[in-house]
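*Asks:* full-length UniProt numbering puts the first residue of the sequence shown at 1, with every later residue one more than the last.
Ideal Cβ positions, reconstructed from N, Cα and C, are used throughout, including at glycine.
Encoded as structure tokens, here's the structure I'll be asking about.
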Amino acid sequence: MFDVPRAEARGWPSKIDFNKRAPQPAASIDPAKGSVDGDTFGEKLRAGKDKDREVEREKEGGDEEEDSEWGERRVELSEQEGEEEEDTVRHVRGTGTLRLNVRRSDGKGARLVMRKDAVYSVILNAPLFRGMRCALAQDPRYIRLGVIEDGATTYYNLRVGNAEAAADLLETINEHIPELPAGLGWIQDYARARILTFVVSFFLHTLPARL
């Protein structure tokens with residue numbers, strides 16, 4: 001038989017409420033389920049591994065000796081048949097982080113470097129060169145440019161997050177395109193004049209046939 005006075009003397013409850021819930025422990029980090037701030041343990045672990053992998057990739061590509069003048073994530077890179085905007089897109093190379101890097105030592109040697117998301121493989125490594133052409137597309141989020149790969153020109157589309165970011169990228173590229181040495185600008189002017197002369201001459205010679 002349950003003796004109430006004796007139970008109270010020993011510090012036991014004299015009455016037991018079976019409907020009352022036990023107090024819950026304070027919130028704490030659970031490695032299996034997550035933490036208070038909403039980031040799961042697995043997400044934090046993956047983020048740390050991704051960061052370490054990105055640093056290793058940068059070391060392999062020489063990025064640790066460069067400074068980034070411009071950068072953005074979630075940029076889409078696609079290759080197209082020709083320079084004109086209406087040319088057919090061959091395929092999308094991928095989405096990743098695009099940077100415009102320069103040498104830390106002298107601020108020169110600008111190049112566009114893009115690494116694919118998750119795997120961090122390089123899908124674009126394009127040094128800027130004299131005479132490089134790039135422009136905004138009709139959709140202001142896109143930039144069209146031609147780069148030299150394996151001795152030939154390859155045309156790409158870069159799609160960034162918004163029109164403002166695209167305009168900023170275009171301005172940064174144009175600022176870092178190498179210029180002709182002082183006193184040699186006449187060579188570029190002469191080449192343009194020769195091309196214009198050839199086009200006009202060709203048009204005049206073919207005009208009678210068209211008439």
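#1: Quick check on the DSSP output: the alpha helix (DSSP H) that includes Asn162 runs from which residue to which?
#2: Give me the Cα-Cα distance between Leu196 and Phe202, rounded to the nearest whole angstrom.
#3: Could you check where the beta strand (DSSP E) with Ile148 kicks off and where it finishes?
#4: Considering only DSSP beta bridges, list what Arg103 is partnered with.
#5: Note down the Cα distance separating Ser118 from Thr206, rounded to an integer number of angstroms.
#6: In three-state DSSP terms, what is Ile123?
#7: If you reduce the DSSP assignment to three classes, tell me which class Glu171 lands in.
#8: Using 8 angstroms for Cβ pairs, my map puts Glu81 next to Arg90. What's the rounded Cβ distance?
#9: On the DSSP bridge assignment, give the partners of His176 in chain order.
#10: Is DSSP giving Leu98 helix, strand or coil here?
#11: Are the beta-carbon atoms of Val160 and Ala166 separated by less than 7 angstroms?
#12: How long is the line joining the alpha carbons of Glu76 and Phe198, rounded to whole angstroms?
#13: Whole-angstrom Cβ separation of Tyr142 and Asn157, contact assumed at under 8 angstroms?
#14: Relative to the C-alpha of Tyr155, which candidate in Ser121, Ala137, Arg104 has its C-alpha closest?
#15: Helix, strand or coil for Lys59 per DSSP?
#16: Assuming contact is defined by CB atoms lying nearer than 7 angstroms, are Ile177 and Met132 in contact in what I supplied?
#17: What does Ser78 pair with, by DSSP beta-bridge criteria?
#18: Just how far apart, CA to CA, sit Glu69 and Ser105?
*Replies:* This is what the structure gives:
#1: Per DSSP, Asn162 belongs to no alpha helix (DSSP H) and is neither H nor E.
#2: Those two C-alpha atoms are separated by around 10 angstroms.
#3: Annotation: the continuous beta strand (DSSP E) that includes Ile148 extends over 142–149.
#4: According to DSSP, which records beta bridges pairwise, Arg103 is partnered with Glu66.
#5: The question names Ser, yet the displayed sequence has Ala at residue 118. Cα to Cα, the separation comes out at about 55 angstroms.
#6: Here Ile123 sits in strand by DSSP.
#7: Under the three-state reduction of DSSP output, Glu171 falls in the helix class.
#8: In this structure, Glu81 and Arg90 form a Cβ contact; the two beta carbons are roughly 6 angstroms apart against a cut-off of 8 angstroms.
#9: The secondary-structure analysis by DSSP pairs His176 with nothing; it has no beta-bridge partner.
#10: In this structure, DSSP gives Leu98 an extended state, which the three-state scheme calls strand.
#11: Yes, Cβ-Cβ distance for Val160 and Ala166 is below 7 angstroms.
#12: So the two alpha carbons sit approximately 38 angstroms from each other.
#13: Cβ-Cβ separation between Tyr142 and Asn157: approximately 5 angstroms, consistent with a contact (criterion under 8 angstroms).
#14: Measuring from the Cα of Tyr155, the nearest candidate turns out to be Ala137.
#15: Confidence in Lys59 is poor, its pLDDT being 47 and thus under 50, which makes the residue's placement too unreliable to answer from.
#16: Against a cut-off of 7 angstroms, the Cβ pair of Met132 and Ile177 comes out as a contact.
#17: DSSP, once it has assigned bridges, lists Val92, Asn157 as partnering Ser78.
#18: Spanning the two alpha carbons is a distance of roughly 14 angstroms.
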